[in-house]
Each structure stands twice: as C-alpha cells, then as structure tokens.
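Worksheet: one structure, shown below.
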Amino acid sequence: MSLIAPAFTIAGKDLRLEVKTRDVIASVGLFVLLVVVTASFVFPSGGEGHEGTAAGVLWMAFMFAALLGMGRSMAIEKEDACLEGLLVSPAPRESVFLGKLFSNLGFTYVVELVILPVFIVLLDLHPGAGAWVVVLSAFLGTLGIATVGTLFAVMAVNTRGREAILPLLVMPVSMPIMVAAVKVSEAGFLGTWTSSTTSWALLMVGYDALFLLVALATFQHLTEE
Amino acid sequence: MDLKTDVAQSPVLDRGPADVPSSPRRKLWGGLTIASLALLLAMAFFYAPEDANQGAAQRIFYIHVPSAWIGFLAFFVVFVGSIAFLYTGKRKWDDVAAASAEVGVIFTSAVLITGPLWGRPVWGVYWTWDPRLTSFLMLWLIYLSYLVLRGYVPEPVRRAKYAAVLGIVGFLDVPIVYLSARWWRSEHPTQFVVEGGDLPTKMLVTMLVGVAAFTFLYLYLLAVRVRVGRLRARAEEAEVAR
C-alpha cells in the first residue's frame, strides 16, 4: 500500500474536524497574535538591526504556536482511543505518522502565513520581495519543528505529564533549526540574501530530511504495545 | 519482540538485592578509579608545569577536558544502547542507556561548572557563546529532558522505547547543534578563544592520565547505576506481581 495516500486520508480527517470545530486555528491563531502583540510591547521596536529582533520574536511565536497545535492535535487522538483506531487500521504506521505530520504542518503553516503580514505591519518592517524568503523559511523551519514535534507528541501524550512535557522534549532538539530559521527570516526582512543565508537554508533542509528519516524509522517502535 | 522474558524467567521475583549479583568488574573499576584519580591529583599539582599565561587556573583543565570527553562518550553509549534496545528489545540495553545518560549529565554539568571557573580569570568572562560552550549547554539540556521524560513514563517497556527514540534523536542532533553554533558565532565578532595548540609533554601526559582516570570513574558509575536500574526493575515487577 502506498504511504502517501493513507497519510492524506488521515490529514483530511483532521482537516474536516477542524472545519467543523475550528479548535486549533482559533486557539493557535489567537495565541500567536497575542505573542506577537505582547512581544511588540516588551522589545524595543525600530532602530538599526531591529530586523534581527523581529525574526527572533517571530520564531518564538511560531515555536509556541507549533507546540500548542501539535499537543492539541495529539490530545484529540487520545480521546476515545482514536490513535489505537488509526494504528489497527490497514494504513502503514509510517502513513499514520505522515498524516499527523501533514495536518500539524498544515495548520501551523496556515496560521503563520496569516499572522506574517500582521507582524510585518506591526513591527514596521519593509521586506519587499524578501517576504517570500520569510515564507520559505517558515515552511522549512515549521517542517523541522513539526517532524520532531509529531514524533515527540505521540510520546508526550502517553506520559503522566501529557502535553505539558512536549515543549521540554522539542525545544532543546530544535535549537539548530530555530537558529537557522531566524537567520533566514532576518535575511528576508532585510531583503538581502547572502552566501551564509544559503548555508542556513541548506542546514534547514538537512535537518528536515534527517529527522524525517529518523522519525519514519522509529515511529513504529513508539506505537507498538 | 518479548520484552518481559528476562523477568519472567527469574524464578522468584522478591528475592532481594542479592539476586542481582554485584559485578566483579565494578570492584575493578572502583579500585582503578581511586588509584588513578589520586595519581591525577598529584600530577596536576606537582608534575604538570605552571602555564606561563594562564597561571594556576589552567590546571582545572585536567578535570575539565576529561569530563568533556566522558560527556561525549556517555551520550554515545546512550545512542548505541538506544539503537540496540529498539533492535533487540532486551531490557539490559535500556538499563545501560539510562545509566549512561545519568552519568553523562553529571559529567556535562562538571564541564559547565569548571569551564566558567576557568573562563573568568583567563577570558575575563564566565560565559561566552563559543560553539563548544553552546554545544555543551544544548547537550546538557537535551539529556536533562531525556531524564525528565524517563521520570514521566511509569510503564517500563514504554519508558524504554520513548527514551530510546529521544536518545537517538538527541545524539544525531549534536553535530547539527555544533555546526549551527559555529556559524551563528562566526557572524559576530567574539573574543579570541585559546586553542589547545601544542601541549608540553608533561601537560599532555597529565591530561591523558586524567582521561584514563575519568574513563574508569565512568565505567564504575555506569556499573553501579546499571545495577541500581536492575534492582529497581525487579522492585517494579515485584510490585506488579503482588
């Protein structure tokens, strides 16, 4: 059986659930907006080099958004033993992982794309065409965080700590992708793409590919009882 | 993959600590540790020459560098133990990985404490975002989260699997952390970091004795913690059987 088709079925299920309840988009979207607005107050805005600060604030907000969304998305599967249902279905384990990854990535990315213009206006940034670089870095960065996060969310939801433990697992491991994403986003806000930006972007691609492989290889071990 | 075989085969569950034999190697590692640590102390203070630039502060390196080496070794053992556990399902590999992570966190903490103690007199600051320092801080945080995760999963088999996945992801992350810390740092002017360079022979010999002494200490602590892990597992199983 193909890996991708069942994965899209599972992601589609999450999408239909989301269309009906609007749980994740509403809570995560409002949360990110609050983080961005709060950050605009607590950090000095404007001035030389404020693009770097802006990129940092943006990624702290994105990280929190991803963590909140992934925790919620896996908590839903925990209710009424939905995850067990997915696991006994004929879909391969890898597809279950990919399905949850697609929906986590999709929801987080949509929220990010909605918040990005607001962020650019609020923090008085003038990226011009560099905005596309930020859009790219948001995708690569969120893919990495969502890959590691989806893997760890399966673990976290089965611990005594539930979703509360998810940030403790995800944040230390995602430090490289966060740094890289901030660097590429900063380049985007400045509108200057240099050779070091290329290196950072490649580091994100490498991180995404490596942990996607690791996640696909280890996910089955997490889900067998 | 039957994870409970080694427990199920033991005839009596509540026989007590004597049932988990003390390894003879543990005593050997213990003896070698005491002897070599005493030698290291003597050499670090009386054999190794005083550094012309850094003065007595440099002598902390005979603890700092071996601790860093053991930190890496310990987390490499966690990585190997985690893969071996997922592959074989044998509980002993989880015991080894868990014990090694505990010991590794202790040594990494030692690195993070001795580093600033040296950095203050020599660099003038306790902390700088040097790639090595940054990497060790992240290493320490990753394995702290590993220990926290273990504490949050009561069921032994599930705990072992979860920890193994984090043990693998965490270790593979370390080179990327180092790379990103190096690039990150190279974009900002930072103070000159003293490189090892050519060590005088006496210093090098002392350093090697330190590495040997800490390796024995690591093996000893590992053996002790593996045994504690087995005893705890026995206690958990006895609790379940009751």
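In the order they appear, the protein sequences are chains A and B.
According to my numbering, the first sequence holds residues 139 to 363 in order.
According to my numbering, the second sequence holds residues 1129 to 1370 in order.
Glycine is no exception: its CB is placed at the ideal position from the N, C-alpha and C atoms.
Given the structure is predicted, the values throughout are model-derived calculations rather than measurements.
Close Cβ partners of residue i (< 7 Å) along its chain, the five nearest in sequence each way excluded
i	result
B:I1296	F1207, S1210, I1211
B:R1287	R1278, V1281
B:A1227	L1350, R1353, V1354, G1357
B:P1249	A1185
B:S1164	V1337, A1340, A1341, F1344
A:L239	A284, T285, T288
B:P1259	Y1306, A1309, R1310, R1313
A:S312	G282, I283, V286
Contact belief for residue i with residue j at Cβ below 8 Å, rounded distance in angstroms
i	j	result
A:S337	B:W1311	6 Å
B:A1176	B:A1225	Actually they are not in contact, since the Cβ atoms of B:A1176 and B:A1225 sit about 35 Å apart, beyond 8 Å.
A:A269	A:G344	24 Å between Cβ atoms; not a contact.
B:L1167	B:V1333	In fact, because the Cβ distance is near 11 Å, the residues do not count as touching under 8 Å.
A:A291	A:G223	The Cβ separation is near 17 Å, so there is no contact.
B:W1268	B:S1237	7 Å
A:A229	A:P314	Contact flag wrong, Cβ pair sits at about 32 Å.
B:F1264	B:F1204	Not really, about 15 Å apart at Cβ, beyond 8 Å.
Coarse secondary structure for residue i, derived from DSSP in three states
i	result
B:D1223	helix
B:G1183	strand
A:D161	helix
B:F1268	Checking the sequence shown, residue 1268 of chain B turns out to be Trp, not Phe. Reduced to three states, the DSSP call for B:W1268 is helix.
A:P255	helix
B:V1285	helix
A:K238	helix
A:F181	coil
B:R1370	coil
B:A1202	helix
A:S233	helix
A:V295	coil
A:S333	helix
B:P1249	helix
A:T176	helix
B:T1329	helix
B:D1258	coil
B:E1178	coil
A:D262	coil
B:P1317	Note that B:P1317 scores 46 on pLDDT, short of 50, meaning its location in the model is unreliable and no value can be drawn from it.
A:L205	helix
B:L1275	helix
A:P87	Nothing about residue 87 of chain A can be read from this structure; chain A reaches only from 139 to 363.
A:E189	helix
A:V228	Note that residue 228 of chain A is Pro in the sequence shown here, rather than Val. Three-state result, A:P228: coil.
Residue i, buried or exposed, once every other Cβ within 10 Å from all chains shown has been counted against 16
i	result
B:W1221	buried
B:G1159	exposed
B:G1279	exposed
A:V259	exposed
B:F1173	exposed
A:T332	exposed
A:G287	buried
A:F181	exposed
A:G263	The question names Gly, yet the displayed sequence has Leu at residue 263 of chain A. Buried: at least 16 other Cβ atoms inside 10 Å.
A:V308	buried
A:T176	exposed
B:K1330	exposed
A:K158	exposed
B:K1289	buried
A:P255	exposed
B:R1070	With chain B represented from 1129 up to 1370, any question about residue 1070 of chain B goes unanswered, as that position is not in the structure.
B:G1252	exposed
A:G150	exposed
B:V1231	buried
A:I253	buried
Proximity winner among the options, relative to residue i (alpha-carbon distances)
i	options	result
A:A213	A:N296, A:L153, A:L341, A:T159	A:N296
A:A302	B:A1292, B:V1276, B:W1251	B:V1276
A:R300	A:E186, A:E189, A:K216	A:K216
B:L1201	B:T1343, B:V1352, B:A1361	B:T1343
A:A355	A:E232, A:V249, A:D218, A:L274	A:E232
A:A293	A:L168, A:G150, A:A353	The question names Ala, yet the displayed sequence has Met at residue 293 of chain A. Ranking A:L168, A:G150, A:A353 by Cα distance to A:M293 puts A:A353 first.
B:I1198	B:A1361, B:L1347, B:E1367	B:L1347
A:G187	A:V226, A:C220, A:K321, A:V162	A:K321
B:V1193	B:E1178, B:L1240, B:V1205	B:L1240
B:I1191	B:A1170, B:F1204, B:V1205	B:A1170
A:I142	A:F235, A:S323, A:V195	A:F235
Close-in-space but distant-in-sequence residues of the same chain around residue i (CB under 6 Å, 5 per side omitted)
i	result
A:L341	A318
B:T1262	A1309
B:R1375	Nothing about residue 1375 of chain B can be reported from this structure: the residues present for chain B run from 1129 to 1370 only.
B:R1154	A1351
A:I148	G237
Contacts that residue i makes with chain D (C-beta to C-beta distance below 7 Å)
i	result
B:P1152	Among the chains of the structure shown, chain D does not appear; the protein chains present are A and B.
Cutoff 8 Å; reference residue i; Cβ partners in own chain excluding five residues on either side
i	result
A:T280	F200, A204, L243, T246, Y247, E250
A:P265	I258, V271, V272, G326, F327, L328, G329
A:F169	F202, A203, L206
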